[in-house]
Amino acid sequence: MGILDFANPTRFMKLTQLVLPWLVGLCAIAFAVGLYMSFFVAPEDYQQGDTVRIMYIHVPAAWLAMMCYSIMAISSLGTLVWKHPLADVSAKCAAPIGAAFTFISLVTGSLWGKPMWGTYWVWDARLTSVLVLFIMYLGLMALWRTMEDPIKAGKAAAILTLVGALNLPIIKFSVDWWNTLHQPASVMRMDGPTIHPDILLPLAVMAVAFTLLFFVIHLMAMRNEILRRRVRTLRLRAASAARPAGGSATLQPAE
Amino acid sequence: MDLGPHAGFIIASYAICFGVVAGLILWVRLDKARLDSTLKDLESQGLAKTRRTPEKPDRQ
Amino acid sequence: MSSWALSLFQRELRLAVRVGGGALVGVLFFLAVVTVIPFGVGPDLNLLARIGPAILWIGALLATLLGLDRLFQADRDDGSLDLILMAGRPLELVVLIKCLAHWMATGLPLVAAAPVLAIFLNLEPTAIGAVTLTLAAGTPALTLIGAIGASLTVTLRRGGLLLAVLVIPLTIPVLIFGVSAADAAVNDPVPFMTPFLILCSLSLISLVVGPFASAAALRFSSD
Chain A
-14 MGILDFANPT RFMKLTQLVL PWLVGLCAIA FAVGLYMSFF VAPEDYQQGD TVRIMYIHVP
46 AAWLAMMCYS IMAISSLGTL VWKHPLADVS AKCAAPIGAA FTFISLVTGS LWGKPMWGTY
106 WVWDARLTSV LVLFIMYLGL MALWRTMEDP IKAGKAAAIL TLVGALNLPI IKFSVDWWNT
166 LHQPASVMRM DGPTIHPDIL LPLAVMAVAF TLLFFVIHLM AMRNEILRRR VRTLRLRAAS
226 AARPAGGSAT LQPAE
Chain B
594 MDLGPHAGFI IASYAICFGV VAGLILWVRL DKARLDSTLK DLESQGLAKT RRTPEKPDRQ
Chain C
3 MSSWALSLFQ RELRLAVRVG GGALVGVLFF LAVVTVIPFG VGPDLNLLAR IGPAILWIGA
63 LLATLLGLDR LFQADRDDGS LDLILMAGRP LELVVLIKCL AHWMATGLPL VAAAPVLAIF
123 LNLEPTAIGA VTLTLAAGTP ALTLIGAIGA SLTVTLRRGG LLLAVLVIPL TIPVLIFGVS
183 AADAAVNDPV PFMTPFLILC SLSLISLVVG PFASAAALRF SSD
């Protein structure tokens, strides 16, 4: 079983069928343990009180928002460089999930900020970078939706994803610069130097749970996308078969 | 369980998180169901045979 | 530079400034945006002087975005894009030349108009000079980054809006350092050169990334 075997959509479907129940089970266990720990085991922060519990979903969501973009960037390399047939499926399916987790991290961040900073939104470097990331996810999704041909859309989105991946560190750097320029050191830091193990352990469990959740949804969405392309190919074939002079488009393989 | 003075914010965070994740899962499940039925429809129209024959070499 | 590059450059420039090219509409749009801002924030001259560089930069960004869909769309519509693709010349270079001509036709007028508009916004002479200088250094980056979006959306019928949405996040660093440098020239404590040099380096980076990504997108859109 080399990596090339996954290139075959049918084999990928079989593998997904096999792996998915295990992943779902693991994910459920991780969430049960993580939620229990974050509510009943983890102590409240001496400064932030119980609001620190928002961290147990906020930080994993933010982590996923970044991990998802990295997965999309790697998939885009797969599309453009190695021409892997499943790479653009993976990239396309990751975008809405990444957008959803970015949204969660933004909303929980601002719900955390209201009791802590007294306002729902500050133009803090981190929040602003995540907002930019969110816009990029939505832009990518819009690009996918507006292009009809999935292969062409995949290549276009791959280029944009890679340019975005090059640009994200620059955006992060410039937003940091902009932030220090405008509000010198007044922003509360969320990640103080003292993360106690009592807090770290539930956080780690929740991060694992969220990561598993991501892979479950990603695999399911990829399976859907493969089915969708199969439907599309069948429809195209039916349409060209109905035409008297059968077009050459029928020879496209199902993706 | 007492969540302190900011219980509303904590519950809202978890509720929104749960809502978004549930929405994602629902979207994936509904999509799957819809695609499965469409595929079954197409196959019942006899398109499945034309699909499998030319693709056998690269499928196996 | 070889003759084909020069003739391509001349063609692009001529097409851009002629009737239907729409290059000068960008300046008009720039003027309109700058005029509309005081109606929004009030005619307080101190406030306008403080946010003036930012207004000019945002106006220039919007005007650049507005003109970008002309970059490849017209060539695709009349089929010359296919000819360019088939000509066998290095596509990256072609894109670079097209961007250069596009910038000469749309970006340079913005830079030239900036000092005049800056007077409306009550900017001091140093600030006027700084804004014009940063715009001159930064607008090429906007065009080159925008070229990526333009080539990605070239196959779409109405790609203009999507283009803007795709390109704006990528231009944030340019905007930040452009405005920072312009501000720094007026407010003494911050050195002018630091953000300005970073702005220049961003332009140089986009000079490399823009043509390559854009050429790749054009190749993929054609096959």
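Here the protein sequences line up with chains A, B and C, keeping their order.
The first sequence lines up with residues -14 to 240 when you count with my numbering.
The second sequence lines up with residues 594 to 653 when you count with my numbering.
The third sequence lines up with residues 3 to 225 when you count with my numbering.
Cβ coordinates follow ideal geometry from the N, Cα and C atoms, glycine included.
Predicted, not measured: the structure shown is a model, and the values here were computed from it.
Asked                                                                                                                                                                                                                    : Found
Hey, is A215/C's beta-carbon within less than 9 angstroms of any beta-carbon in chain A?                                                                                                                                 : yes
I want to verify the contact list: residues of chain A whose CB lies under 7 angstroms from the CB of A219/C, in sequence order.                                                                                         : A141, I144
Consider the Cβ of V4/A: report whether some Cβ of chain C lies at a distance smaller than 9 angstroms.                                                                                                                  : no
Hey, would you say P45/A sits closer than 9 angstroms to L188/A, going by beta carbons?                                                                                                                                  : yes
By DSSP, does A115/C sit in helix, in strand, or in coil?                                                                                                                                                                : helix
Find out if the Cβ-Cβ distance for the pair V176/C, L135/C is shorter than 9 angstroms.                                                                                                                                  : no
In whole angstroms, what separates the C-alpha of A170/A from that of K99/A?                                                                                                                                             : Per-residue confidence for A170/A stands at a pLDDT of 41, beneath the threshold of 50, marking its modelled position as unreliable; the derived number appears in the next sentence. The straight-line gap from Cα to Cα measures roughly 19 angstroms.
Going by CA-CA distance only, name the one from K157/A, G124/A, I156/A that's closest to A141/A.                                                                                                                         : G124/A
Pick out the complete alpha helix (DSSP H) segments inside the segment 155 to 179 of chain C, 4 residues or longer, and give them in chain order.                                                                        : none
If you measure from the beta carbon of V115/A to each beta carbon in chain B, is any gap under 9 angstroms?                                                                                                              : no
Let me check understanding here. Comparing Cα to Cα, which of R221/C, A103/C, V38/C, L73/C lies closest to L8/C?                                                                                                         : A103/C
Can you list the residues of chain A that F222/C reaches, using a CB-CB cut of under 8 angstroms?                                                                                                                        : K137, K140, A141, I144
Which two residues bound the contiguous alpha helix (DSSP H) that contains W67/A?                                                                                                                                        : First-last for W67/A: undefined, no H or E at that position.
Is there a C-beta anywhere in chain A that falls below 9 angstroms from the one on S637/B?                                                                                                                               : no
Considering only residues of the segment 102 to 183 of chain A, which uninterrupted beta strand (DSSP E) runs meet the minimum length of 3 residues and lie entirely inside it, listed in chain order?                   : none
Does the segment 598 to 610 of chain B come within contact of the segment 78 to 97 of chain A, defined as at least 3 CB pairs closer than 8 angstroms?                                                                   : yes
Under 9 angstroms, Cβ to Cβ, is there at least one residue of chain C near A79/A?                                                                                                                                        : no
In angstroms with no decimal places, state the Cα-to-Cα distance between R111/A and F86/A.                                                                                                                               : 15 angstroms
Taking contact to mean 3 or more Cβ pairs, one atom from each stretch, closer than 8 angstroms, check whether the segment 68 to 75 of chain C and the segment 628 to 636 of chain B are in contact.                      : no
Is it buried or exposed for W6/C, if we count other Cβ within 10 angstroms and need 16 for buried?                                                                                                                       : exposed
Can you confirm whether the segment -5 to 10 of chain A touches the segment 197 to 212 of chain A when touching is taken to mean that 3 or more C-beta pairs between the two stretches lie within less than 8 angstroms? : yes
Can you confirm whether V216/A, when its beta carbon is compared against all beta carbons of chain B, has any partner nearer than 9 angstroms?                                                                           : yes
Taking 9 angstroms as the CB-CB cut-off, is L93/C touching chain A?                                                                                                                                                      : no
On a Cα-Cα basis, can you pick out the residue from T108/C, F41/C, I178/C, A107/C that is closest to A56/C?                                                                                                              : I178/C
Where does P92/C fall in DSSP's three states?                                                                                                                                                                            : coil
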